[in-house]
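> Sharing a structure here in structure tokens format.
This is the structure we're talking about:
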């Protein structure tokens, strides 16, 4: 009669050696968070490429998007997937409102003044949005619903399915953005504006309304990042600060204004951070947030325009 | 009787500086309450800090967001020296200034290579590296718990004493700014703000000007950070956060960037404003401040000083600043 104790009844958890198993886990963690960084970086770079402004409130838009998702799914009790789609639309609207109300005057200014003005305005938006969320939702840690539960067995490594779903959605969204930019009329217009705004205007593109839509899409992309990552981590009013900082690193490493560069750099940053924090067993975990800035400084010295910058 | 010629009297800005000195000298004894004296000290501190930022951003047009980081470097250099080695804070202040000037040297190098938005993002990175490093090296810096440091003069001093010390620092910075703006270096600085390439073509030595302004501004920022730390007697990593930077930026913007008196006006407005809003809580205060910043950037980009200047000009009192 075979042994019937608990140990023999449990499925084998890990069939690969511990080191390799950890390595695989870190790799998956790295690409998952990397895709989220890519999403944020692509949004930020789209905005920068079209409007030449750095959106300092990008991290706060990440947080706002996640809160909108939370309201739809938890307060109104919608299906998470439906809530996510609705939240994306609403975040797009938020982006358009921000552009219409405070960023519009930028087109009338000289280039240097425009950079200053956008810095002031978006830097003023940052505490505004963060404390608005604090006022509306309180300082509590919240957890938006996950799209799926359970775990997946990958080559003997048991990995949480929600992270894989977040990764998959992130990849799909990024490729959808690339496809739109490459193939559609809208994408061609966006690329024309990124190349030369005045020339694009002369070619009959309505630059103002295109910029408005572009800003909305940029905000919606970072909102998607928030909706995917906060169910894994946690949502609170200041949740956007650290990812916001990462998004800046991503665009600098990838090249300001280059969407492909941001996608690559996001993955790189995610991997570098996860492996750096693991440190192959050296215990460098508390320096996790510094690795990104170190990479940024190295890229600054070796290739100031970033890996895909022009 | 000969009529008093006010315009001639006020020809130089020096007299206005003296008036500021006369108004500010008895002020702590007029507010009555020690708490408000502390608020006044903070006003003066922020005026001086906003003025050093004004050199870089207002006069030279380099939107650096590393200034809170510079304050932190100065404050922690002095604080750590005093805490671990027992160096007197007055010497530590100079060491803090020099350490911050070192970071300012790096900033100048960055600003020579990168323009516009690139530069802004990198300065954020530098400032965050400083903050995270301080939080992480808690075995030396005590991390987020804060580092307890000795008072500025080595012995306890009443708040009034700190008020006059800060006033002294602030007036020195105002005087230096006045001298700077009216020197050839100041002209070169403003030329760089208008157009860097044109300035270089006109024979302005960009590298030298940027190094001087960045290192000078950072040196004073570091010293101010050190004096702030020794006044509060505790150094915390939050003094390098982006919110602190937001405060400094808001002051320079609301007062009027690139003007001599803008930082004074801005610092006093913001500091008293936020003290009054304190009853409503931090949340409302930051929401209102954010909205005010956006509104000022939108409708009054030259700041409050431009309004005052307009009134003065209509009365034919010319103030060159």
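Residue numbers (the working numbering), protein chains in the order written: chain A, 8 to 317; chain B, 2 to 322. Idealized CB from N, CA, C, for every residue including glycine.
(1) Are there 16 or more other CB atoms within 10 angstroms of the CB of residue 203(B), so buried, or fewer, so exposed?
(2) Which full runs of the alpha helix (DSSP H) of 4+ residues lie inside the segment 101–149 of chain A, going along the chain?
(3) Is any heavy atom in the ligand FAD found nearer than 7 Å to the beta carbon of residue 238(A)?
(4) What are the boundary residues of the beta strand (DSSP E) that residue 167(A) is part of?
(5) What are the complete alpha helix (DSSP H) segments, minimum 4 residues, inside the segment 194–224 of chain B?
(6) Nearest to residue 164(A) by alpha carbon, out of 136(A), 36(A), 124(A), 62(A)?
(7) What does residue 285(A) touch in chain B if you count any residue whose Cβ is under 7 Å from its own?
(8) Does any residue of chain B bring its CB to less than 8 Å from the CB of residue 68(A)?
(9) Taking C-beta pairs closer than 8 Å, name the residues in chain B that residue 259(A) reaches, listed in chain order.
(10) Whose Cβ in chain B lies nearer than 9 Å to the Cβ of residue 300(A)?
(11) Is it true that the CB of residue 278(B) sits closer than 8 Å to the CB of residue 285(B)?
(12) Classify residue 310(A) as helix, strand or coil using the three-state DSSP reduction.
(13) Tell me whether the segment 195–212 of chain B and the segment 222–230 of chain B touch, counting them as touching only if at least three CB pairs, one residue from each stretch, are closer than 8 Å.
(14) Does residue 27(A) get closer than 8 Å to chain B when you measure Cβ to Cβ?
(15) Apart from the five residues just before and just after residue 214(A), which ones in its own chain have a Cβ nearer than 7 Å to its Cβ?
(16) Answer yes or no: do residue 267(B) and residue 253(B) have a C-beta to C-beta separation smaller than 8 Å?
(17) For the beta strand (DSSP E) that residue 161(A) lies in, which residues bound it at each end?
(18) State the start and end residues of the unbroken alpha helix (DSSP H) segment that holds residue 137(B).
(19) Whether or not the segment 91–110 of chain A and the segment 268–286 of chain A are in contact is what I'm after, with contact meaning three or more pairs of Cβ atoms, one per stretch, closer than 8 Å; do they touch?
(20) According to a CB-to-CB cut-off of less than 7 Å, which residues of the segment 274–294 of chain B neighbour chain A?
(21) Would DSSP call residue 149(B) helix, strand or coil?
(22) Using a Cβ-Cβ distance cut-off of 8 Å, determine whether residue 296(A) contacts chain B.
(23) Measuring CB to CB, does residue 57(B) end up less than 8 Å from residue 214(B)?
(24) Out of curiosity, what's the CA-to-CA distance linking residue 114(A) and residue 71(A)?
(25) Enumerate in chain order the residues of its own chain whose CB-to-CB distance from residue 158(B) is below 7 Å, with the five nearest sequence positions on each side excluded.
(26) Check whether the segment 145–156 of chain A touches the segment 234–242 of chain A, taking contact to mean three or more Cβ pairs, one atom from each stretch, closer than 8 Å.
(27) Would you say residue 175(B) faces chain A, with C-beta separation under 8 Å as the test?
(28) Is there a Cβ from chain B that is less than 8 Å from the Cβ of residue 314(A)?
(29) From the beta carbon of residue 51(B), is the nearest beta carbon of chain A less than 8 Å away?
(30) Using a Cβ-Cβ cut-off of 8 Å, state whether residue 64(B) counts as contacting chain A.
Taking the coordinates as given:
(1) exposed
(2) 118–144
(3) What this structure holds is no ligand at all, so the ligand FAD is not there to describe.
(4) 164–167
(5) 197–202
(6) 36(A)
(7) Correct list: empty, because the minimum Cβ distance to chain B is about 17 Å.
(8) no
(9) 119, 122, 123, 126
(10) 126, 127, 129, 130, 133
(11) yes
(12) coil
(13) no
(14) no
(15) 200, 204, 207, 208
(16) yes
(17) 158–161
(18) 117–137
(19) no
(20) 284, 287, 288, 290, 291, 292, 294
(21) strand
(22) yes
(23) yes
(24) 26 Å
(25) 152
(26) yes
(27) no
(28) no
(29) no
(30) yes
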